[in-house]
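Asker: Once you've had a glance at the structure underneath, I'll fire off some questions.
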């Protein structure tokens with residue numbers, strides 16, 4: 210197989226580098242990683258981790274929803290993931306009368322478990338290298354769009370062949386920037402129910418203060434259950450469905466771990482870009498991230514203002530706030546970490562080595578001008594990237610504009626709304642309206658609109674605005690966005706659920722004309738069209754040249770510098786990362802230990818900081834040291850631990866294992882300085898953060914009294 214070309218000489222790199230960096234394809238662990246993993250202390254085999262011939266650990270790991278990982282922890286399909294991964298579902302079931310965000314939720318039996326329409330979990334049935342079939346003849350195609358069309362066509366053919374006469378699904382993922390391809394056959398379950406979640410004060414303890422930060426004391430977990438039809442196969446929700454009987458569920462160890470112990474993370478990391486050039490990293494650090502951090506910070510300030518004043522608004526915006534906040538802090542930490550690791554300089558050193566070898570060997574002549582070509586393209590992108598970021602993080606984040614733009618299908622006149630297709634469109638629009646207003650607060654959006662328009666007009670090199678704004682009022686200029694915002698919200702009916710719903714009851718020509726003439730709709734059409742036809746078009750023009758260059762650069766690196774071991778960038782495909790439990794030093798004179806305890810949680814809760822408020826029952830249990838069987842040998846309750854596993858977004862909820870393949874925790878975060886590992890991995894400062902499984906069990910059992918859930922797990926004391 211082409212993938213096996215990874216079996217190269219590694220003698221110039223330290224064992225330490227090999228052991229900790231990388232997100233590895235589980236089907237290749239035997240060839241590439243098993244020896245190193247065993248040297249680090251692993252007691253199981255690669256076949257135990259991934260096998261198509263027998264039940265293996267891969268059969269207990271799922272893609273949870275569209276962007277997290279989960280793990281099966283009982284023979285009754287009980288599923289463990291992060292609290293922040295299940296947050297949207299917990300929020301959907303919450304109200305002022307049943308505030309599960311504040312109070313938590315624990316189903317007493319199967320009948321109490323709450324369905325979640327649209328939520329899925331996906332198992333990997335098998336993986337297959339299909340590179341030879343995918344790339345055959347592609348070397349003769351020079352046009353990138355034609356190449357993509359050919360790849361799409363072949364992917365469809367191979368997927369169809371792989372799942373013929375089965376209930377499985379499949380997809381093909383590119384590896385190494387499209388130099389290789391892997392087929393994933395999957396099984397997707399569509400009935401997933403909420404079983405349990407701690408109060409947000411426990412599941413998101415520390416909130417913004419601790420997000421992307423070590424030390425942590427967060428029980429970031431929630432519990433769901435997978436349901437299937439009577440045949441144990443995927444089925445749409447039905448009260449007649451039964452708990453899924455999994456092929457594998459993870460045994461849970463309460464024995465604890467020690468410093469420098471082997472750990473392994475199994476999950477679906479979303480996206481990394483480890484093979485970027487120094488130009489790209491420079492733009493991330495000095496151009497893109499600072500602008501995006503500033504814009505998100507402004508939105509968070511507005512959200513916090515209204516959420517702090519009204520619990521109803523808090524519930525509406527809790528999930529949105531979390532999403533905005535998460536990457537706001539991540540991008541700031543990423544830039545800081547890249548600077549501290551001198552990533553740009555180290556990339557340049559690598560490129561100098563690369564160029565020297567290319568210049569010295571005629572067989573590498575095809576790569577001679579590659580780095581200079583990158584210099585040219587990134588010089589062009591330097592003027593385009595800020596405009597893209599201003600649209601994505603400012604203009605297009607204004608909720609009323611995004612909502613208004615969603616009515617385009619109704620207004621284009623190409624579909625008879627009385628036809629079956631038209632009725633379907635109307636039904637979808639009514640559903641969209643209900644979902645939008647469920648989590649919308651007009652006054653908050655109005656203030657965000659003012660802030661985002663101000664930023665756009667002050668930071669854009671060439672800001673644009675529609676001609677009709679000037680005609681709205683003598684004061685309605687781009688220099689007075691408060692007036693523009695006031696006119697939009699006072700004139701538009703699109704922030705009024707009753708008015709919008711009434712229009713959709715009888716969308717005749719007069720109603721459509723009213724919609725098309727609405728000021729918010731007109732403004733949305735202008736900015737979304739400007740984004741698509743100008744800003745995105747310019748960006749895509751550069752990317753059309755960079756994509757094949759990046760593919761060639763990854764290929765070139767593996768040929769020119771073969772002594773380095775290369776793993777494919779994360780792309781939400783199943784991966785294994787491994788490392789060891791260890792602390793780190795975030796700054797001169799500062800050293801962090803590798804684990805935290807409930808004592809630290811109590812210290813934070815006594816600080817008076819609102820983010821560290823905890824329920825009195827939890828405080829009482831800790832003060833009494835009533836930890837049950839979940840205390841460590843030293844009598845302490847360990848809450849979280851840090852290790853050197855290479856993780857990223859998508860690894861949220863991933864199971865973390867000890868050397869025996871037993872579950873010891875749930876991955877939920879990285880340290881702030883280590884967020885730069887999406888671009889550059891530095892063993893000295895990259896740490897993944899895990900909720901110790903013993904703290905999770907303590908919360909379920911001792912705090913919540915949901916002992917029946919613990920009883921269905923396989924616990925190894």
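Residue numbers (my numbering): 210 to 926. The beta carbon of each residue, even a glycine, is placed where N, CA and C say it ideally should be.
For the alpha helix (DSSP H) containing residue 371, name the first residue and the last one.
Answerer: In the chain shown, counting from the first residue as 1, residue 371 sits at position 162. Residue 371 -> alpha helix (DSSP H) spans 353-372.
Asker: I'd like to check one pair, residue 860 with residue 476: are the Cβ atoms closer than 8 Å?
Answerer: Sequence index remark: in the chain shown, residue 476 carries index 267 (1-based). Sequence index remark: in the chain shown, residue 860 carries index 651 (1-based). Closer than 8 Å, so yes.
Asker: Cα separation between residue 718 and residue 328?
Answerer: Looking up residue 718 in the chain shown gives position 509. Looking up residue 328 in the chain shown gives position 119. So the two alpha carbons sit approximately 37 Å from each other.
Asker: At what residue ranges does the region 715-781 contain a whole run of the beta strand (DSSP E), taking only runs of 3 or more?
Answerer: You should have found no qualifying run.
Asker: Could you compute how far the alpha carbon of residue 283 sits from the alpha carbon of residue 699?
Answerer: Translated into positions along the chain shown, residue 283 becomes position 74. Translated into positions along the chain shown, residue 699 becomes position 490. Rounded to whole angstroms, residue 283 to residue 699 spans 55 Å at the Cα level.
Asker: Measuring alpha carbon to alpha carbon, tell me which of 890, 870, 453 ends up nearest residue 440.
Answerer: Numbered from 1 along the chain shown, position 231 holds the residue referred to as residue 440. Nearest option by C-alpha distance: 453.
Asker: On a CA-only basis, which of 385, 654, 575, 598 is nearest residue 612? Give me that one, please.
Answerer: Taking the chain shown and counting its residues from 1, the one referred to as residue 612 is at position 403. It is 654.
Asker: Return the chain-ordered list of same chain residues with a C-beta closer than 6 Å to the C-beta of residue 656, the five sequence neighbours on each side being excluded.
Answerer: Counted from its first residue, the chain shown places residue 656 at position 447. Same-chain partners within the cutoff: 511.
Asker: Below 8 Å on the Cβ atoms is my contact criterion, and I expect residue 602 with residue 504 to pass it. Report the Cβ-Cβ distance as a whole number of Å.
Answerer: Taking the first residue of the chain shown as 1, we reach residue 602 at position 393. Taking the first residue of the chain shown as 1, we reach residue 504 at position 295. About 4 Å; that satisfies the 8 Å criterion.
Asker: Does the Cβ-Cβ distance between residue 851 and residue 903 come in under 8 Å?
Answerer: Against the chain shown, residue 851 aligns to sequence position 642. Against the chain shown, residue 903 aligns to sequence position 694. Not in contact: residue 851 and residue 903 (Cβ atoms no closer than 8 Å).
Asker: Between the C-alpha atoms of residue 409 and residue 509, what's the straight-line distance to the nearest angstrom?
Answerer: Within the chain shown, numbered from 1, the residue matching residue 409 stands at position 200. Within the chain shown, numbered from 1, the residue matching residue 509 stands at position 300. Answer to the nearest angstrom: the Cα atoms are 19 Å apart.
Asker: Does the beta-carbon of residue 778 have 16 or more other beta-carbons within 10 angstroms, so that it is buried, or is it exposed?
Answerer: Stepping through the chain shown from its first residue, residue 778 is reached at position 569. By the neighbour-count rule (16 or more Cβ atoms within 10 Å), residue 778 is buried.
Asker: For residue 599, I'd like the list of residues in its chain whose CB is within less than 8 Å of its CB, leaving aside the five on either flank, ordered along the chain.
Answerer: Here the question's residue 599 lines up with position 390 in the chain shown. Result list for residue 599: 500, 504, 664, 665, 668, 669, in chain order.
Asker: Which residues bound the beta strand (DSSP E) around residue 858?
Answerer: Position 649 of the chain shown, counted from the first residue, corresponds to residue 858. Residue 858 -> no beta strand (DSSP E), and no H or E assigned at all.
Asker: On the DSSP letters alone, give me the boundaries of the alpha helix (DSSP H) that residue 668 sits inside.
Answerer: Stepping through the chain shown from its first residue, residue 668 is reached at position 459. From DSSP, the alpha helix (DSSP H) with residue 668 extends over 651-668.
Asker: Should residue 922 go down as buried or exposed, given a rule of 16 or more other Cβ atoms within 10 Å for buried?
Answerer: Mapped onto the chain shown, residue 922 falls at position 713. Looking at its Cβ environment, which holds 16 or more other Cβ atoms inside 10 Å, residue 922 is buried.
Asker: Are the CB atoms of residue 798 and residue 479 nearer to each other than 8 Å?
Answerer: To locate residue 798, count along the chain shown from 1; it is residue 589. To locate residue 479, count along the chain shown from 1; it is residue 270. Cβ atoms of residue 798 and residue 479: not closer than 8 Å.
Asker: Entirely within the region 401-467 and at least 3 residues each: give me those beta strand (DSSP E) ranges in chain order.
Answerer: Here the runs fully enclosed are 431-437.
Asker: Of the residues 290, 780, 578, 360, which one's Cα is nearest the Cα of residue 864?
Answerer: Here residue 864 corresponds to residue number 655 of the chain shown, with the count starting at 1. For the residues 290, 780, 578, 360, the minimum Cα distance to residue 864 belongs to 290.
Asker: Apply the 10 Å Cβ neighbour rule to residue 298 and answer buried if 16 or more other Cβ atoms are within range, or exposed otherwise.
Answerer: The sequence position of residue 298 within the chain shown is 89, counting from 1. Classification of residue 298: buried, given that the 10 Å Cβ count is 16 or more.
Asker: Taking Cβ to Cβ, would you say residue 836 is nearer than 8 Å to residue 907?
Answerer: Against the chain shown, residue 836 aligns to sequence position 627. Against the chain shown, residue 907 aligns to sequence position 698. It is a contact, given that the beta carbons lie within the stated cut-off.
Asker: Please state the DSSP three-state secondary structure of residue 913.
Answerer: Translated into positions along the chain shown, residue 913 becomes position 704. In the structure shown, residue 913 sits in coil (DSSP, three-state: anything other than H, G, I, E or B).
Asker: Using DSSP bridges, identify the partner residues of residue 879.
Answerer: In the chain shown, counting from the first residue as 1, residue 879 sits at position 670. Answer is 897.
Asker: Where does residue 389 fall in DSSP's three states?
Answerer: Indexing the chain shown from 1 puts residue 389 at position 180. DSSP places residue 389 in strand when its eight states are reduced to three.
Asker: Which residues bound the alpha helix (DSSP H) around residue 338?
Answerer: As a working note, residue 338 is residue 129 in the chain shown. Here residue 338 belongs to no alpha helix (DSSP H); instead the beta strand (DSSP E) covers 330-338.
Asker: Just to confirm the assignment: which complete alpha helix (DSSP H) runs, minimum length 4, are found wholly within the region 229-312?
Answerer: Entirely contained in the region 229-312, the alpha helix (DSSP H) runs reaching 4 residues are, in chain order, 238-241, 243-248, 255-258, 296-301, 309-312.
Asker: Which of the three DSSP states, helix, strand or coil, is assigned to residue 872?
Answerer: Locating residue 872 in the chain shown gives position 663, counting from the first residue. Three-state DSSP puts residue 872 in a strand.
Asker: Using DSSP's beta-bridge definition, name the partner residues of residue 789.
Answerer: Working through the chain shown from its first residue, we reach residue 789 at position 580. Answer is 471, bridged to residue 789.
Asker: Can you check DSSP and say which residues form a bridge with residue 378?
Answerer: Translated into positions along the chain shown, residue 378 becomes position 169. According to DSSP, which records beta bridges pairwise, residue 378 is partnered with 395.
Asker: Counting Cβ pairs closer than 8 Å, one from the region 328-338 and one from the region 388-398, do we hit at least three?
Answerer: Contact holds: three or more Cβ-Cβ distances are below 8 Å.
Asker: Give the secondary structure of residue 542 by DSSP, where H, G and I count as helix, E and B as strand, and everything else as coil.
Answerer: The sequence position of residue 542 within the chain shown is 333, counting from 1. Residue 542: helix per DSSP, three-state reduction.
Asker: From 791, 748, 374, 450, pick the residue whose C-alpha is nearest to that of residue 320; which is it?
Answerer: Here residue 320 is taken as the residue at index 111 of the chain shown, counted from 1. Among 791, 748, 374, 450, the Cα nearest to that of residue 320 belongs to 450.
Asker: According to DSSP, is residue 801 helix, strand or coil?
Answerer: Here the question's residue 801 lines up with position 592 in the chain shown. If DSSP states are grouped into helix, strand and coil, residue 801 belongs with the strands.
Asker: Measuring CB atoms only, is the region 575-587 touching the region 753-773, in the sense that at least three cross pairs come out at less than 8 Å?
Answerer: These segments touch.
Asker: Shortest alpha-carbon distance to residue 695 belongs to which of 538, 708, 659, 619?
Answerer: As a first step, residue 695 is located in the chain shown; it is residue number 486 there, counting from the start. The residue with the shortest Cα to Cα distance from residue 695 is 659.
Asker: For residue 418, I'd like the list of residues in its chain whose CB is within less than 8 Å of its CB, leaving aside the five on either flank, ordered along the chain.
Answerer: One-based indexing of the chain shown puts residue 418 at position 209. Excluding positions up to five away in sequence, the list reads 818, 820, 821.
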